[in-house]
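Colleague: 11 is the number of the first residue of the sequence shown in the working numbering; add one for each residue after it. Heads up, the beta-carbon is just placed ideally off N, CA and C, and yes, glycines get one too.
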Amino acid sequence: MAHADAKPAAGRAISLPALGVAGSKMASKMTGAYARVRRQFNMPIGYFEGIEEVLARIAGNTYRMDAARVLTLVALDQGEKPSVLSAILKYQLTEGNRQCINDAMDIHGGKGIIMGPNNYLANAYQALPISITVEGANIFTRSMIVFGQGVIRCHPWLLKEMQAASSDDDNAIRQFDRAFFGHIGHVVSNLVRSFLLGLTNGRLSSAPVNGPTAHYYRRLNHLSASFTLVSDFVLLTLGGTFKFKERLSGRLADVLSHLYMCSAMLKHYEDQGRHEEDLPLLRWGMRDSLYLIQERLVEVTRHLPVKLLGPVVRFIILPRGRQYAPPSDYLGKRVARILLSNNEARDRLIAGTFNSSTEDAAGLLNQAFIATLQAAPVERMMKNA
Numbered sequence: 011m012a013h014a015d016a017k018p019a020a021g022r023a024i025s026l027p028a029l030g031v032a033g034s035k036m037a038s039k040m041t042g043a044y045a046r047v048r049r050q051f052n053m054p055i056g057y058f059e060g061i062e063e064v065l066a067r068i069a070g071n072t073y074r075m076d077a078a079r080v081l082t083l084v085a086l087d088q089g090e091k092p093s094v095l096s097a098i099l100k101y102q103l104t105e106g107n108r109q110c111i112n113d114a115m116d117i118h119g120g121k122g123i124i125m126g127p128n129n130y131l132a133n134a135y136q137a138l139p140i141s142i143t144v145e146g147a148n149i150f151t152r153s154m155i156v157f158g159q160g161v162i163r164c165h166p167w168l169l170k171e172m173q174a175a176s177s178d179d180d181n182a183i184r185q186f187d188r189a190f191f192g193h194i195g196h197v198v199s200n201l202v203r204s205f206l207l208g209l210t211n212g213r214l215s216s217a218p219v220n221g222p223t224a225h226y227y228r229r230l231n232h233l234s235a236s237f238t239l240v241s242d243f244v245l246l247t248l249g250g251t252f253k254f255k256e257r258l259s260g261r262l263a264d265v266l267s268h269l270y271m272c273s274a275m276l277k278h279y280e281d282q283g284r285h286e287e288d289l290p291l292l293r294w295g296m297r298d299s300l301y302l303i304q305e306r307l308v309e310v311t312r313h314l315p316v317k318l319l320g321p322v323v324r325f326i327i328l329p330r331g332r333q334y335a336p337p338s339d340y341l342g343k344r345v346a347r348i349l350l351s352n353n354e355a356r357d358r359l360i361a362g363t364f365n366s367s368t369e370d371a372a373g374l375l376n377q378a379f380i381a382t383l384q385a386a387p388v389e390r391m392m393k394n395a
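1. Going by alpha carbons, who is nearest to I360 out of S367, V240, I348, T368?
2. Would you kindly work out how many angstroms separate the C-alpha atoms of K253 and L245, rounded to a whole number?
3. In three-state DSSP terms, what is M53?
4. What residue from D264, G89, P139, Y57 has the CA that sits closest to Y340's CA?
5. In whole angstroms, what separates the C-alpha of D370 from that of L201?
6. So for V156, helix, strand or coil by DSSP?
7. Within its chain, find whatever has a CB closer than 8 Å to the CB of M115; leave out the 5 residues flanking it on each side and keep chain order.
8. Does the beta-carbon distance from G212 to R188 come in below 7 Å?
9. Would V323 pass as a contact of F243 if the rule is Cβ separation under 7 Å?
10. Can you tell me whether V345 is buried or exposed, with buried defined as 16 or more other CB within 10 angstroms of its CB?
11. On a CA-only basis, which of L289, C272, Q109, E309 is nearest D298? Give me that one, please.
12. Are the beta-carbon atoms of K91 and R22 separated by less than 7 Å?
13. With 16 other CB atoms within 10 Å as the buried threshold, where does H313 fall?
14. Under the rule that 16 or more other beta-carbon atoms within 10 Å means buried, what is M296, buried or exposed?
15. Looking only at its chain, what residues have a beta carbon closer than 7 Å to the beta carbon of V398, apart from the 5 residues adjacent to it on each side?
16. Hey, quick one: how far does the alpha helix (DSSP H) through S338 stretch, first residue to last?
17. Measure the Cβ-Cβ separation of M75 and T363 and say whether it is below 7 Å.
18. Mark A14 as exposed unless 16 or more other C-beta atoms lie within 10 angstroms of its C-beta, in which case mark it buried.
19. Only counting the same chain, and skipping five residues up and downstream in sequence, which positions put a Cβ closer than 7 Å to that of R306?
20. For F58, which three-state DSSP category applies?
21. Can you tell me whether DSSP reads Y279 as helix, strand or coil?
22. Give the DSSP-derived three-state secondary structure of I183 in the structure shown.
23. Does the beta-carbon of G30 have 16 or more other beta-carbons within 10 angstroms, so that it is buried, or is it exposed?
24. Can you tell me whether DSSP reads F364 as helix, strand or coil?
25. Within 10 angstroms of its Cβ, does M40 collect 16 or more other Cβ (buried), or is it exposed?
26. Does the distance from the C-beta atom of I111 to that of G33 stay below 7 Å?
27. Express the C-alpha separation of A43 and A12 in angstroms, rounding to a whole number.
28. Return the CA-CA distance between L230 and S199, expressed in angstroms with no decimal places.
29. Helix, strand or coil for T210 per DSSP?
30. Would D288 pass as a contact of A217 if the rule is Cβ separation under 7 Å?
31. Here's the rule I'm using: 16 or more other beta-carbon atoms within 10 Å means buried, otherwise exposed. How should A77 be labelled?
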């Protein structure tokens with residue numbers, strides 16, 4: 011039975027995530043090219059700040075999604091059967107694809123809504139509801155599966171407590187006591203760890219690397235400890251009624267998902283060779299995820315059933331207040347410019363996409379994109395003459 015159950019989990023971790031990343035890479039490639047070629051008020055539309063904001067979101071989401079996809083495939087190659095990770099991937103990458111395709115449609119405007127052979131977005135847009143619905147509807151995947159299964163499988167003591175409580179073995183009481191007191195020690199340890207790391211912005215923890223990404227490892231250590239602590243308080247105060255609190259479960263699922271994707275992005279950056287040109291993409295993805303994690307944890311503390319407990323837990327995990335902010339406008343501009351020029355960071359981001367012939371709309375746009383970049387110096391000279 012375990013072997014049979016593992017097959018759908020492996021399939022969920024491969025097929026739909028691959029489809030989601032493929033759609034997002036296509037959106038990054040084609041939308042960046044379109045925004046550079048298409049002009050409004052004698053300027054490429056990609057240079058307008060409103061368009062830059064959306065381009066940055068497309069590129070940042072694509073980088074994060076691809077990193078999570080690759081890391082999960084590594085686990086599958088090593089023989090793992092990651093049922094929780096497959097649920098995370100299925101939800102996050104299909105939703106991420108929906109965001110990227112919708113953003114691409116917004117930038118393309120009328121070109122995106124007129125059906126015909128020149129519309130390279132239409133089929134991807136029409137297919138979005140399929141990936142959202144099949145292999146477990148996304149609403150239930152987020153609100154019931156990801157954290158509901160993940161907390162039992164990932165917690166070092168919870169499953170042992172449940173097994174001991176339901177066992178008729180003579181040693182069950184001793185096993186439960188061992189797991190229970192281990193759980194208490196785990197809570198106390200995470201309480202102290204979360205508070206101290208929050209007080210020092212993670213500086214008391216170690217990072218496996220040096221350089222511009224080291225502080226992200228430390229911040230991830232802080233939020234991981236905070237997530238574990240908040241999860242324990244949720245289970246402590248709600249007990250068996252937690253399974254009916256799907257909004258809380260959904261928020262904690264978001265935290266667990268983005269903790270995983272942050273780890274994936276850091277590994278992806280290392281595996282690809284620590285290219286400095288990729289840092290804007292990594293920073294955008296990390297800042298966006300860390301901010302979302304922080305906000306979801308705060309939301310959970312506000313909905314704890316014991317009202318006085320919320321502010322206490324919130325002070326423990328964020329003793330200096332909210333420390334994480336979303337990506338800045340300047341960072342968004344740098345990420346958008348990656349899609350608007352021909353560079354190695356863009357090549358790595360869209361790697362694996364099909365290069366169409368110049369006989370179809372996508373191929374013609376790519377050809378126009380290259381020609382526009384080649385003509386840019388001459389255009390500047392003519393304007394300055």
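Modeller: This is what the structure gives:
1. Distances from the alpha-carbon of I360 to those of S367, V240, I348, T368 put I348 closest.
2. Near 10 Å, if we compare the C-alpha coordinates of L245 and K253.
3. Strand, per DSSP.
4. Considering only alpha carbons, the answer is Y57.
5. D370 and L201: Cα-Cα distance of roughly 59 Å.
6. Shown here, V156 sits in a helix according to DSSP, grouped into three states.
7. Within the same chain, and ignoring the five residues on either side of M115 in sequence, the residues whose Cβ sits closer than 8 Å to its Cβ are G122, I123, L131, Y135.
8. No, Cβ-Cβ distance for G212 and R188 is not below 7 Å.
9. Yes, the Cβ-Cβ distance between V323 and F243 is below 7 Å.
10. Its Cβ being crowded by 16 or more others within 10 Å, V345 is buried.
11. Comparing Cα-Cα distances from D298 to each of L289, C272, Q109, E309, the minimum goes to C272.
12. No, the pair does not count as a contact, with Cβ atoms beyond the cut-off.
13. Answer is exposed; the Cβ neighbour count stays below 16.
14. Buried, because 16 or more other Cβ atoms sit within 10 Å of the Cβ of M296.
15. Residue 398 falls outside the range modelled here, since the chain spans only 11 to 395, and no answer is possible.
16. Taken as a continuous stretch (DSSP letters only), S338 belongs to no alpha helix (DSSP H), as it is neither H nor E.
17. Their beta carbons are not under 7 Å apart, which means M75 does not touch T363 by this criterion.
18. Its pLDDT being 40, under 50, A14 is placed unreliably by the model, and nothing is read from it.
19. Its chain contains R261, D264, V265 as the residues whose beta carbon lies nearer than 7 Å to that of R306, once the 5 sequence neighbours on both sides are disregarded; these appear in chain order.
20. Looking at F58 - three-state DSSP - the assignment turns out to be coil, as it is neither helix nor strand.
21. Of the three classes helix, strand and coil, the one that applies to Y279 here is helix, per DSSP.
22. In the structure shown, I183 sits in a helix (DSSP, three-state: H, G or I).
23. G30 comes out buried.
24. Coil, per DSSP.
25. M40 is buried by the Cβ-count criterion.
26. Cβ distance < 7 Å, so I111 and G33 count as in contact.
27. Confidence in A12 is poor, its pLDDT being 42 and thus under 50, which makes the residue's placement unreliable; the coordinate value appears in the next sentence. Our two residues, A12 and A43, have alpha carbons roughly 47 Å apart in a direct line.
28. For L230 and S199, the distance between alpha carbons rounds to 17 Å.
29. DSSP places T210 in coil when its eight states are reduced to three.
30. Cβ distance not < 7 Å, so D288 and A217 don't count as in contact.
31. The residue in question, A77, is buried, as its Cβ has 16 or more Cβ neighbours within 10 Å.
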